[in-house]
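As structure tokens, the structure follows; a few thoughts come after it.
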Amino acid sequence: MKCIICKKDKQEEDFNEEHVFPESIGGKYKIHTVCKECNSHFGKTIDNKFINSGVIRALNHKLKIENKNGKVVPYFKNTVVNPKNNSIRLKTFFDNKGNLKDTEFETTVQDTIVRFDESKSLNTILSELNIMYKNDKFPFPKEIENKEDKKRYFLKFIEDFKEKFERNEFSSSKDSIEQDSITSGDEIILESLKISYELTHEILGEGYFNDSLCEVFRKYLVNGKLDDDFEKKINFKGINESINYANNFHYFALIKINNTLFSRVILYDTFISIFIVSENTSKYNLKRDLYEIFNESND
Numbered sequence: 077m078k079c080i081i082c083k084k085d086k087q088e089e090d091f092n093e094e095h096v097f098p099e100s101i102g103g104k105y106k107i108h109t110v111c112k113e114c115n116s117h118f119g120k121t122i123d124n125k126f127i128n129s130g131v132i133r134a135l136n137h138k139l140k141i142e143n144k145n146g147k148v149v150p151y152f153k154n155t156v157v158n159p160k161n162n163s164i165r166l167k168t169f170f171d172n173k174g175n176l177k178d179t180e181f182e183t184t185v186q187d188t189i190v191r192f193d194e195s196k197s198l199n200t201i202l203s204e205l206n207i208m209y210k211n212d213k214f215p216f217p218k219e220i221e222n223k224e225d226k227k228r229y230f231l232k233f234i235e236d237f238k239e240k241f242e243r244n245e246f247s248s249s250k251d252s253i254e255q256d257s258i259t260s261g262d263e264i265i266l267e268s269l270k271i272s273y274e275l276t277h278e279i280l281g282e283g284y285f286n287d288s289l290c291e292v293f294r295k296y297l298v299n300g301k302l303d304d305d306f307e308k309k310i311n312f313k314g315i316n317e318s319i320n321y322a323n324n325f326h327y328f329a330l331i332k333i334n335n336t337l338f339s340r341v342i343l344y345d346t347f348i349s350i351f352i353v354s355e356n357t358s359k360y361n362l363k364r365d366l367y368e369i370f371n372e373s374n375d
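If you're matching positions, the sequence shown starts at 77 in the working numbering and goes up one per residue.
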């Protein structure tokens with residue numbers, strides 16, 4: 077059996093289930109034509125980047141889509157860092173349904189300033205500072221390199237901090253944090269291309285290997301990135317669309333128009349990619365002009 081990505085002939089045990097639409101966005105439809113090695117490659121270079129992009133995290137959280145572990149991944153990661161000041165770090169606590177339970181500011185040190193959550197006790201803060209010291213995470217001044225000098229500096233730092241804490245002389249950590257969500261669009265396009273390639277192969281079979289466009293798209297997937305010429309081969313829209321009306325709906329269609337085959341990939345009922353996947357439909361024994369695959373279990 078030949079893997080549709082690396083094109084190598086492999087044994088049946090070298091293949092496993094590939095969720096065409098990623099499990100982490102509620103994917104159910106599976107194929108068995110991608111080898112384990114290429115499946116792992118997709119996970120690292122395409123699926124993970126797509127799933128962890130800002131807009132996809134936001135959509136999964138908004139729509140309460142459970143990942144493969146049965147949890148709704150929160151929009152914010154566990155620690156949110158202020159991009160303007162790395163010493164301001166907010167820890168977020170969510171339940172398995174993606175609901176925010178609590179937040180607390182991490183105890184951090186910048187120069188001689190300790191930032192901490194004001195709800196924490198002195199003993200808790202001292203314990204956190206000690207852990208930083210023991211784990212070599214405490215930020216010593218550059219001129220202090222000797223182990224004994226570091227120990228003396230840290231002990232004095234702790235004593236000074238305790239005095240300031242008792243006198244209520246500390247810098248509040250309750251600064252606002254602005255978190256930017258950046259998505260270039262390439263993550264969504266590459267994921268859509270992967271879906272298009274896999275399902276086009278599913279419908280056309282191994283004969284698709286002989287199509288020149290198959291090889292063009294396969295190389296993009298193997299490399300895990302796009303280039304400037306890619307725009308000439310794709311009609312993509314949706315990246316600037318409002319996500320307010322997005323739904324947990326993912327869909328694929330293969331459409332024959334005259335002698336050309338188009339694929340259409342819809343993600344979240346919002347992002348739409350249209351690819352020309354073949355310019356010679358006479359190569360294939362197509363029974364109809366439209367093939368549709370919905371994100372439904374095909375076990």
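Note that beta-carbon positions come from the ideal geometry of N, C-alpha and C, so glycine has one too. Keep in mind it's a predicted model, so treat the numbers as computed, not measured.
Counting along the chain, the unbroken alpha helix (DSSP H) around residue 209 starts and ends at 198-210.
Residue 223: member of the alpha helix (DSSP H) spanning 223-242, first to last residue. By the C-beta density criterion, residue 235 is exposed, having fewer than 16 other C-beta atoms within 10 angstroms. Restricted to the region 83-165, the beta strand (DSSP E) segments that are unbroken, complete and at least 3 residues in length are 155-157, listed in chain order. Residue 367 is bridged by DSSP to 330.
Taken through DSSP and simplified to helix, strand or coil, residue 301 comes out as coil. If you look at residue 81, you'll find it isn't in any beta strand (DSSP E); DSSP assigns it neither H nor E.
Residue 224 and residue 231 have their C-alpha atoms roughly 11 Å apart. The continuous beta strand (DSSP E) containing residue 336 extends over residues 336-343. Contact check for residue 279 against residue 343 fails: the beta carbons are separated by 8 Å or more.
A direct Cα-Cα distance of roughly 19 Å separates residue 89 from residue 118.
Taken through DSSP and simplified to helix, strand or coil, residue 188 comes out as coil. If you compare the alpha carbons of 109, 103 and 104 with that of residue 85, the shortest gap goes to 109. Under the three-pair Cβ rule at 8 Å, the region 99-115 counts as touching the region 129-141. Between residue 293 and residue 266, the C-beta spacing is not below 8 Å. Rounded to the nearest angstrom, the Cβ distance from residue 219 to residue 96 is 57 Å, too far for a contact under 8 Å. If you compare the alpha carbons of 243, 374 and 83 with that of residue 114, the shortest gap goes to 83.
Annotated three-state conformation of residue 354 is strand, per DSSP.
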